[in-house]
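Undergrad:
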Amino acid sequence: NVSGVKARLMYSHLYANGTTGEYTEQLPTEPGDYIASCFVLDTVVGTGRLIIDKLSPEIIMDDASFTYTPSGIYPAEAIVSPAGIELEYQAYIYENGLVGESVEFPLVNCGTYLISACPADTAHYSFTLSYCYITINKVTPIISAESLIYTANGKPKALQYTVTPDFVECSVC
1052 NVSGVKARLM YSHLYANGTT GEYTEQLPTE PGDYIASCFV LDTVVGTGRL IIDKLSPEII
1112 MDDASFTYTP SGIYPAEAIV SPAGIELEYQ AYIYENGLVG ESVEFPLVNC GTYLISACPA
1172 DTAHYSFTLS YCYITINKVT PIISAESLIY TANGKPKALQ YTVTPDFVEC SVC
């Protein structure tokens, strides 16, 4: 009488080569293919396939322009849905419509860069690539000086001036 015997649902990982792993009553939580089998005593009375897909995040990045700074530029964090997924960022020189060599962050030279972002954890998330362009423009310094009137006396005269931003190197000629 089968109705008096308790059935057990057990799961086994199904590998790409067609083999299966060890059966367990633990419900699978990792992405992959699984066999779900109903056991009555030691006999399989029903089998089905369970597929857990990787999550495909949505990654949104916006193009941006910055003015040069000697400390360099980091891209703004991408908006990712669902929230909390760690992303990896890469930067490439983008010149004359061509993607060039990879560069490290922070971006310290003027020019245009292609920035890409993808999930760091590709075991649980689909490889989803998003990109944007960042342009770093030259800084336009502002030099201001006071109008001073000196009387010639054979001694050097001090010139008082300011340069903004203060990281701009300059010399008086």
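Our numbering runs 1051 ahead of the 1-based position in the sequence shown. Heads up, the beta-carbon is just placed ideally off N, CA and C, and yes, glycines get one too.
1) Checking 8 Å against the spacing of the C-beta atoms, do Y1085 and L1106 come in under that value?
2) Could you tell me which of E1081, G1097 and C1089 sits nearest to S1177, measuring between CA atoms?
3) List the whole-angstrom C-beta distance separating I1130 from P1108, where the pair is believed to meet the contact cut-off of C-beta under 8 Å.
4) Which same chain residues, not among the five before or five after N1188, have their C-beta less than 8 Å away from its C-beta?
5) Name the two residues that bound the continuous beta strand (DSSP E) containing D1084.
6) Candidates F1090, L1149 and I1103: which alpha carbon is nearest A1174's?
7) Along the chain, where does the beta strand (DSSP E) that runs through L1210 open and close?
8) Under the rule that 16 or more other beta-carbon atoms within 10 Å means buried, what is S1132, buried or exposed?
9) Based on Cα-Cα distance, which residue from K1057, M1061 and G1083 lies nearest to T1067?
10) Looking at the unbroken beta strand (DSSP E) that takes in N1188, where does it start and where does it end?
11) Per the DSSP calculation, T1098 is bridged to which residue(s)?
12) Please report the distance separating the alpha-carbon of S1195 from that of E1220.
13) Could you tell me if A1168 is buried or exposed, where buried requires 16 or more neighbouring beta carbons within 10 angstroms of its beta carbon?
14) Using three-state DSSP, classify M1061 as helix, strand or coil.
15) If you draw a straight line from the C-alpha of M1112 to the C-alpha of M1061, how long is it?
16) Here's the rule: buried if 16 or more other CB atoms are within 10 angstroms of the residue's CB, otherwise exposed. What is Y1164?
17) Does the Cβ of A1142 have 16 or more other Cβ atoms within 10 Å, making it buried, or fewer, making it exposed?
TA: So, to answer that:
1) For the purposes of this step, residue 1085 is taken as the residue at position 34 of the sequence shown. For the purposes of this step, residue 1106 is taken as the residue at position 55 of the sequence shown. Result no, Cβ atoms of Y1085 and L1106 do not sit closer than 8 Å.
2) Taking the sequence shown and counting its residues from 1, the one referred to as residue 1177 is at position 126. For S1177, the nearest C-alpha among the options comes from E1081.
3) For this step, residue 1130 is matched to residue 79 along the sequence shown. For this step, residue 1108 is matched to residue 57 along the sequence shown. Incorrect: roughly 10 Å between the Cβ atoms, too far for contact.
4) Translated into the one-based positions of the sequence shown, residue 1188 becomes position 137. Counting only Cβ-Cβ distances below 8 Å, and skipping sequence neighbours, we find S1116, F1117, T1118, Y1119 and C1161.
5) Counted from its first residue, the sequence shown places residue 1084 at position 33. Taken as a continuous stretch (DSSP letters only), the beta strand (DSSP E) holding D1084 covers G1083 to V1091.
6) Along the sequence shown, one-based indexing puts residue 1174 at 123. Closest by alpha carbon: I1103.
7) Position 159 of the sequence shown holds residue 1210. Segment: none, L1210 is in no beta strand (DSSP E) and carries neither H nor E.
8) Working through the sequence shown from its first residue, we reach residue 1132 at position 81. By the neighbour-count rule (16 or more Cβ atoms within 10 Å), S1132 is not buried but exposed.
9) The residue you call residue 1067 lines up with position 16 of the sequence shown. Sequence check: residue 1067 is Ala here, not Thr. Checking every option, the nearest Cα to that of A1067 belongs to G1083.
10) Walking along the sequence shown from the start, residue 1188 turns up at place 137. Under the DSSP assignment, N1188 falls in the beta strand (DSSP E) whose first and last residues are S1181 to N1188.
11) On the sequence shown, residue 1098 is found 47 positions in, with the first residue counted as 1. Bridge partners of T1098: S1088.
12) Residue mapping note: residue 1195 aligns to position 144 of the sequence shown, counting from 1. Residue mapping note: residue 1220 aligns to position 169 of the sequence shown, counting from 1. Straight-line Cα distance between these residues: approximately 14 Å.
13) Working through the sequence shown from its first residue, we reach residue 1168 at position 117. Classification of A1168: buried, given that the 10 Å Cβ count is 16 or more.
14) For this step, residue 1061 is matched to residue 10 along the sequence shown. Three-state result, M1061: strand.
15) Translated into the one-based positions of the sequence shown, residue 1112 becomes position 61. Translated into the one-based positions of the sequence shown, residue 1061 becomes position 10. Straight-line Cα distance between these residues: approximately 43 Å.
16) Locating residue 1164 in the sequence shown gives position 113, where the first residue counts as 1. Y1164 comes out buried.
17) Walking along the sequence shown from the start, residue 1142 turns up at place 91. When all chains shown are included, A1142 counts as buried.
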